[in-house]
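What follows is one structure encoded as C-alpha cells, with my remarks underneath.
In UniProt numbering, the protein residues as written are 1 to 320.
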C-alpha cells in the first residue's frame, strides 16, 4: 500500500474536492487525480464518483478513508514520539491567521522560531476568523490565530497579542466637520469593512453605548474589507475609520491622522493562539506553542482593559 496515495485520498475526502486538495497539498490537480487513479488501479476498485460537479466517496472509499484517517494519525503520532525521543524538532506546521495581522505580528516570530529550529517549515493560510475556526475544526490547520470564536469551548487558547483600534481621521476632515460631541460624530461620514459599520459600531459601544440605536441606521460612505485600504480612504479624506495602531503609528506621528475624539477609549482585539482541545501529541507543535508564549519580543501587548467588550474585542476574563 502506498501511504502517500492513501493520504492524498484522505485529504480529498476532507477538503471536499480535487481542487481544494491540490491547493492544500501544494500539487497540481492533475497530480492529485493521477494519485487517486493509481490507488484505484492498485486496489482494483472505485473510490470516488462524480456528480453535480463534485466528487464523492464510494462506499468502498468511505470505508478506506475511515480506516486511513485512524491509522495515518497513529503513524504520525508514532513518528512524532520517535522524533521526541531523539530530541529532533522538525516537520511542517500549518498555521492560519487574518491577513492584516500576518506581516506585522506573526512574521517576526516565525523568523525567530525558524532560526532556533531550522528543521521546521510552515504552511500559512490567510483567512477570516470564521474560516480559520472551520479549518482548525476540520484538522486542516494545526494552529490558528483567532479573535472572534463561534464555539470557543472546542479549543485551547493562549494569549498571543492585543491590538488597539481607534477612530481616526485627517485634521482637514475634522476641521470640515467640527464635531462638538459623540452624537455629532455619529452623523459624520465613515469608511468601514461592512455595510453595517461593524468597526464603528464596536467603537461606539465602548465609548457611547447610548448612541447605538442611531448607529444601527448608519451606512458607510465606502465599504472595503482590508485595513490598509481603510487607512488609504481615511488619509484621502473620504471619511473617518477605525484602524489598528500598528498600521497608523507613523501617520499619527507625522500628524497626518488624529483621533476623532481625543479622550476616547480604544477597542482592543485579543488574538488567541488556538489549537483543538482534542489533538494528537506533537513535539514540533508543542515546541512552537511554548516559543510563541506572550512575553517574547516583537509583539504588541497592551495592558488589560476593563471587561464588557464585544466578541473577541476586550473579552471578559471568564471567556478566556
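Glycine included, each C-beta is placed from N, C-alpha and C at the ideal position.
For the candidate residues the options, whose alpha-carbon lies nearest to that of residue i?
{"i": "residue 288", "options": "94, 162 and 164", "result": "94"}
{"i": "residue 240", "options": "135, 205, 5 and 179", "result": "179"}
{"i": "residue 223", "options": "199, 204, 58 and 99", "result": "199"}
{"i": "residue 163", "options": "196, 50, 246 and 48", "result": "246"}
{"i": "residue 254", "options": "125, 235 and 72", "result": "235"}
{"i": "residue 263", "options": "99, 206 and 126", "result": "206"}
{"i": "residue 228", "options": "92, 62, 71 and 100", "result": "100"}
{"i": "residue 90", "options": "290, 283, 292 and 293", "result": "283"}
{"i": "residue 250", "options": "261, 231, 260 and 237", "result": "231"}
{"i": "residue 57", "options": "25, 155 and 14", "result": "14"}
Could you tell me the boundaries of the alpha helix (DSSP H) in which residue i lies?
{"i": "residue 3", "result": "3-15"}
{"i": "residue 22", "result": "18-25"}
{"i": "residue 109", "result": "107-116"}
Rounded to whole angstroms, what's the CA-CA distance from residue i to residue j? Just pull it up for me.
{"i": "residue 193", "j": "residue 67", "result": "44 Å"}
{"i": "residue 3", "j": "residue 11", "result": "12 Å"}
{"i": "residue 148", "j": "residue 210", "result": "24 Å"}
{"i": "residue 54", "j": "residue 150", "result": "28 Å"}
{"i": "residue 32", "j": "residue 65", "result": "16 Å"}
{"i": "residue 128", "j": "residue 170", "result": "28 Å"}
{"i": "residue 35", "j": "residue 7", "result": "10 Å"}
{"i": "residue 48", "j": "residue 22", "result": "16 Å"}
{"i": "residue 161", "j": "residue 182", "result": "29 Å"}
{"i": "residue 309", "j": "residue 242", "result": "Legend: pLDDT at residue 309 = 34, less than 50; position of this residue unreliable, no value from coordinates given."}
{"i": "residue 72", "j": "residue 60", "result": "18 Å"}
{"i": "residue 286", "j": "residue 159", "result": "15 Å"}
How close, in whole Å, do the beta carbons of residue i and residue j come, if the pair is a contact with beta carbons under 8 Å?
{"i": "residue 202", "j": "residue 248", "result": "About 17 Å; that fails the 8 Å criterion."}
{"i": "residue 197", "j": "residue 220", "result": "5 Å"}
{"i": "residue 97", "j": "residue 272", "result": "The pair is not a contact, with the Cβ atoms about 11 Å apart (cut-off 8 Å)."}
Following the continuous beta strand (DSSP E) through residue i, name the residue where it begins and the one where it ends.
{"i": "residue 276", "result": "267-276"}
{"i": "residue 155", "result": "155-169"}
{"i": "residue 135", "result": "No beta strand (DSSP E) contains residue 135, which is instead part of the alpha helix (DSSP H) from 129-137."}
{"i": "residue 122", "result": "120-126"}
{"i": "residue 178", "result": "Premise fails: residue 178 is in no beta strand (DSSP E) and is neither H nor E."}
{"i": "residue 190", "result": "Taken as a continuous stretch (DSSP letters only), residue 190 belongs to no beta strand (DSSP E), as it is neither H nor E."}
Checklist entry - Does the stretch 126-141 come close enough to the stretch 261-277 that 3 or more CB-CB pairs lie under 8 Å? => result Touching, yes.
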